[in-house]
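Report on the following structure.
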Amino acid sequence: MQQYDLIIIGAGPAGYAAAMRAVDYKKKTLLIEKKRIGGAGIENGALSSKTWWELARETRVMNKTFENYHIARPEISFSELKTHVHNAITERRSLLEEHITLLEQSKCKGLLTLKIGHASLLNENEVEIVNDGLETVYGKYIILATGSRPRYLHGIPIDEKIIMTSDGIEQMQNFPESMVILGAGVIGCEFATIFSGFGRTKVHLIDKGNRILPFEDDDIVKVIEDNMEADGVLIHRNSRLTKMEIVEGKVKYQLKYEDGREEVFYVEKALVSVGRIPNYDNLWNGNINIGLTPRGITDQETQTSVPNIFAVGDLTADIALVNVAELEGRYAVEKIFGDPERNLVYENISTIMFLNPEVAGVGLNENQAQEKGLDYKVVTLDYKCIARAIAERNTQGFIKLLVTNDDDMKILGMRVVGNHASNAIQAVALLISMDKGIEELAECVHPHPSVTEGIQECVRMLMGKSMLKPSAFEVRLSCRKYQDGKYHHLEF
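In this text, residue positions in the sequence shown follow numbering that gives the first Met the number 0: the first is 0, and each later residue adds one.
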């Protein structure tokens, strides 16, 4: 029986990151993947959907440009778009596969082995691998990183052709004339943005609340909703799906609204986007007592209830993001073979929602700060005040920065809505992780023109020394404090 210092089951973002960190420690490591390297981080997930989003964004810009010059829009080939997405997936996966091959030929030879097959735990140390044959291997430590899959709902006949999850998008052969999306969270709203952005699909979005993205602040949601509806998206607010079925190759769905009304709609396709569930089915037998909750494997900073078995990525009840999965994978290896310099924290995790426009965030938003009962200072700056946005002729969006309501003004969180939003977030994420105040940002010399200059201006407003004064530009600038459940203008 082959023996390893570490066995990692799953080669998605979490498992791959763990394997590479194990190489750093010079540990003999086995990485097992059931199908293809990369997991949902590449296919039917992060990379593929974001490639679709980029193509839709380019199409929207192109269509607007042609419209401005009174030129007929060119036809967009769905098959060519699929080829672009496929090429992106292939390029990224090939990079990861080539990396492992080259490691085998370098000074790391013998440290990392990749096996393709279905793996399951026989006991706390032995793993069975099923492929063309049957093999059992031994690992001193084991990391579970088998990811997640789309959630199915009882009573909805998902066939991944007419009624789909995100896994079925790649099987489509053409733009659907119409599509309903069930779920107004991040993934549902991203696909609504994608398909409406191509201008070829009438999108319906089912929202059980009175607005999409219920976890985000109202001012952010308003921008996104307005743009969706401008692109023709029909948002079914305060609605509940009572029935969805396939009738003569089309989708028939019925809604019941909070006011008691009921309506029936017919569309060509449906996308069910109601979250994901962890892949731990048949991963171990009853002889192993790994703690579970309805959301996933329970863990204490990646360590499960079994001392030598760790769980990372979408398997756990933590945040299901690629960057978080990689962070957890690396941390688990450091915890096993080293001594992490700091505990695993999530407060400074940067996020991006691929909407129209993109939305980047880190730390708390106002909803979260108020739910925690915090008093805070908040400053907002409209993109109309940012030279880079003016130069691009696209000034839709704003920056919002939250800090503690005291002299230290430590950063609680930030949201950026607009072009290049994700490029502007990292410096603030670093300051949050360092538990620093805002003065470090105030005097940085930022490149000009750039969106980060807007962040600097937000900081200067909080310090009472901004270039543009909120008292003069009340429509485009705001500097307030939230205290005792009320907003108050800050006076300098």
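Backbone N, C-alpha and C fix where the C-beta goes; we use that ideal spot for every residue, glycine too.
Check, Outcome
"Gln425 versus Pro306, Glu103, Val250, Val361, residue with shortest Cα-Cα distance", "Val361"
"Segment contact flag, the region 312-321 with the region 267-280, C-beta cutoff 8 Å, min 3 pairs", "yes"
"Nearest residue (CA-CA) to Pro446, options Glu439, Gln455, Glu438", "Gln455"
"Backbone secondary structure at Ser47 - three-state DSSP", "helix"
"Start and end residues, alpha helix (DSSP H) containing Asp23", "12-23"
"Rounded C-alpha distance that separates Leu354 from Asp217", "15 Å"
"Reference Val273; option with closest CA among Gly290, Glu267, Lys255, Ile205", "Ile205"
"Selection from Cys443, Phe397, Ile308 that minimises the alpha carbon distance to Tyr137", "Ile308"
"Nearest-angstrom Cα separation, counted from Trp51 out to Phe65", "21 Å"
"Beta-bridge partners of Lys268, as assigned by DSSP", "Met178"
"Beta-carbon proximity check, Thr301 vs Leu343, cutoff 9 Å", "yes"
"Where Gln2 falls: helix, strand or coil (DSSP)", "strand"
"Gly360 (DSSP reduced to helix, strand or coil)", "strand"
"Buried versus exposed, by CB contacts within 10 Å (16 or more), Val129", "exposed"
"CA-to-CA distance, Ile389 to Lys139, given in whole angstroms", "58 Å"
"Extent of the continuous beta strand (DSSP E) run through Phe309", "308-310"
"Gln395 - DSSP class collapsed to helix/strand/coil", "coil"
"Buried versus exposed call for Asp230 [16 or more other C-beta atoms within 10 Å across all chains shown]", "buried"
"Counterpart residues of Ser147 in DSSP-defined beta bridges", "Pro277"
"Start and end residues, beta strand (DSSP E) containing Ile245", "238-246"
"N-terminal and C-terminal residue of the alpha helix (DSSP H) that Leu199 is part of", "Note on residue identity: the sequence assigns Arg, not Leu, to residue 199. Looking at the DSSP string, Arg199 is not in any alpha helix (DSSP H), and its letter there is neither H nor E."
"Unbroken beta strand (DSSP E) run spanning Gln482, endpoints", "476-482"
"Minimum length 4: unbroken alpha helix (DSSP H) runs contained in the region 303-357", "321-336"
"Environment of Ile223 [buried if 16+ CB atoms lie within 10 Å]", "buried"
"contact_flag[the region 31-51, the region 2-15] where n(CB pairs < 8 Å) is 3 or more", "yes"
"For Arg236 and Glu262, the rounded distance between their alpha carbons", "13 Å"
"Same chain only: Cβ atoms within 8 Å of Met466, ignoring 5 sequence neighbours per side", "Glu456, Arg459"
"Candidates Gln395, Thr451, Met433: closest to Asn422 by CA position", "Thr451"
"Candidates Thr58, Met163, Val416, His85, of which the one nearest Ile385 by Cα", "Val416"
"Residue closest to Val60, alpha-carbon to alpha-carbon, out of Phe197, Lys25, Tyr24", "Phe197"
"beta-carbon Met227 near the ligand NAD non-hydrogen atom, thresh 8 Å", "Absent from the structure shown: the ligand NAD. Ligands present: none."
"Own chain partners of Val305 with C-beta closer than 8 Å, once the 5 adjacent residues on each side are dropped", "Glu123, Ile287, Asn288, Ile289"
"Lys435 - DSSP class collapsed to helix/strand/coil", "coil"
"Ile348 beta carbon less than 9 Å from that of Asn322", "yes"
"Beta-bridge pairing of Gln465 - partner residues as DSSP gives them", "Correcting the residue identity first, residue 465 is Ser in this sequence and not Gln. Ser465 pairs with nothing; no bridge assigned."
"Exposure of Glu327, with buried meaning 16 or more beta-carbon neighbours within 10 Å", "buried"
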